[in-house]
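Take a look at the structure below.
Residue numbers (my numbering): 10 to 392.
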């Protein structure tokens, strides 16, 4: 009896010690010093440079501009079109915590082309704010661009309580600067690092679809959706019209210590080039990253391909070439290689696209569903 009482007391002592004196190995959210913000005394708003928070979604730190997607050295390594598109901030997200009742944003874009004919300004050049709830991440607000420079209240009248937020940056525009504004007396925190098992990013290499066309807002691309569902960082290396299975890009991919590489380039590559380039690209990655899972993805079906035979032929030829490359790689002993078929990536009712090719928000959700079926078990902890 005495022994059990001693055990109980020891347990209580250890539990209280853990609460009062947390382990230095477990990092908590850290308060951002208000003196490092700029104060608008008239409006009583403190502006925090987003770079002082947790910038997620970049594979490199040696950047030409703070919200680029490729390192500065890539300018001399990749084609000019790839480099230019890499200046877009697709997939980059700012993680922060605050008890603010109002959240504002002030951002400066690199281009005054705010929208495209088939994609709204909220997706091309806007911001997208998500908040953590007991049920997971949930959309809260967006920032609608008014020009190259915009100041906007994202959300107001919030109950005063510390919450975790993610702010997604524009998909098809670059960002020169970004600040997050809160009331003068609100606190802003850099969140604790993700759990060690969730720190390695999912890396997506692809086309305009991966890049984000034609989501209505930045949080609605399938990589962003999957990042929230699977609670992992994502790195979006989609290059509109230029996802071409290029070795120069493959070499750059290997510099990222990824949890998985998703290769989704078929919409930009005809069958003969799929046949010629897929195996070399996988071998480049496998040489440097022998164990990291690689997922090859077929192209989505054109929504009008049920009547336009040339598009159906294009889909089938590209898929046949990719499947042959996949089978050859498996036969050659390449491990941890996975395959996602494209026939129903966007559904089978024709409602998942803007223009037969690019997903709308419904299409992106469907594509995320299809990818998740493969990615969730691939990323599950191995026993």
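All C-beta atoms in this analysis are idealised placements derived from N, C-alpha and C, irrespective of residue type, glycine included.
Here the structure is a predicted model, which is why all the values come from computation and not from measurement.
{"Check": "Contact between the region 104-114 and the region 196-207 (3+ Cβ pairs under 8 Å)", "Outcome": "yes"}
{"Check": "Which listed residue (304, 335, 365, 355) has its alpha carbon closest to that of residue 317", "Outcome": "365"}
{"Check": "contact_flag[the region 341-361, the region 203-210] where n(CB pairs < 8 Å) is 3 or more", "Outcome": "no"}
{"Check": "Span of the beta strand (DSSP E) around residue 173", "Outcome": "172-177"}
{"Check": "Per-residue DSSP class, three states only, for residue 124", "Outcome": "coil"}
{"Check": "Separation of residue 72 from residue 91, as counted between CA atoms", "Outcome": "15 Å"}
{"Check": "The region 221-240 / the region 373-381 touching (three or more Cβ pairs under 8 Å)", "Outcome": "yes"}
{"Check": "8 Å contact criterion, which residue 225 and residue 249 should meet: CB distance rounded", "Outcome": "Going by Cβ atoms, the distance from residue 225 to residue 249 rounds to 17 Å, so no, they are not a contact pair."}
{"Check": "Terminal residues of the alpha helix (DSSP H) in which residue 339 lies", "Outcome": "318-340"}
{"Check": "Beta bridge counterpart(s) of residue 384 as assigned by DSSP", "Outcome": "Looking at the DSSP assignment, residue 384 forms no beta bridge with any residue, so it has no partner."}
{"Check": "Buried or exposed (CB count within 10 angstroms, at least 16 for buried), residue 166", "Outcome": "exposed"}
{"Check": "Pair within 9 Å by beta-carbon distance, residue 214 and residue 178", "Outcome": "no"}
{"Check": "Counterpart residues of residue 213 in DSSP-defined beta bridges", "Outcome": "245, 271"}
{"Check": "Counted within 10 angstroms of its Cβ, other Cβ atoms place residue 251 as buried (16 or more) or exposed", "Outcome": "buried"}
{"Check": "Three-state secondary structure (DSSP) of residue 142", "Outcome": "strand"}
{"Check": "Exposure of residue 385, with buried meaning 16 or more beta-carbon neighbours within 10 Å", "Outcome": "exposed"}
{"Check": "Three-way DSSP call (helix, strand, coil) for residue 400 in this model", "Outcome": "Nothing about residue 400 can be read from this structure; the chain reaches only from 10 to 392."}
{"Check": "Supposed contact pair residue 152 and residue 135 - C-beta distance, whole angstroms, cut 8 Å", "Outcome": "5 Å"}
{"Check": "Under the three-state DSSP convention, the category residue 161 falls into", "Outcome": "strand"}
{"Check": "Cβ pair count under 8 Å reaching 3, the region 185-192 against the region 39-58", "Outcome": "yes"}
{"Check": "Per DSSP, cross-strand counterpart(s) of residue 192", "Outcome": "54"}
{"Check": "Under 9 Å between C-beta atoms of residue 246 and residue 288", "Outcome": "no"}
{"Check": "Distance between residue 66 and residue 110 (C-alpha atoms, nearest Å)", "Outcome": "27 Å"}
{"Check": "C-alpha gap between residue 379 and residue 187, whole angstroms", "Outcome": "34 Å"}
{"Check": "Paired residues, beta bridge with residue 345 - DSSP", "Outcome": "According to DSSP, residue 345 bridges with nothing at all."}
{"Check": "Given residue 180 as reference, the closest of 355, 41, 259, 78 once Cα atoms are compared", "Outcome": "78"}
{"Check": "Euclidean distance between Cα positions of residue 210 and residue 388", "Outcome": "11 Å"}
{"Check": "Counterpart residues of residue 46 in DSSP-defined beta bridges", "Outcome": "Paired residue(s): none; residue 46 is not in a bridge."}
{"Check": "Close beta carbons around residue 80, own chain, < 7 Å, minus the five adjacent residues each side", "Outcome": "69, 71, 72"}
{"Check": "Integer-rounded CB distance, given that residue 232 should sit under 8 Å from residue 100", "Outcome": "6 Å"}
{"Check": "Residue(s) in a DSSP beta bridge with residue 368", "Outcome": "362"}
{"Check": "Complete runs of the beta strand (DSSP E) confined to the region 77-119 [at least 3 residues]", "Outcome": "102-107, 112-118"}
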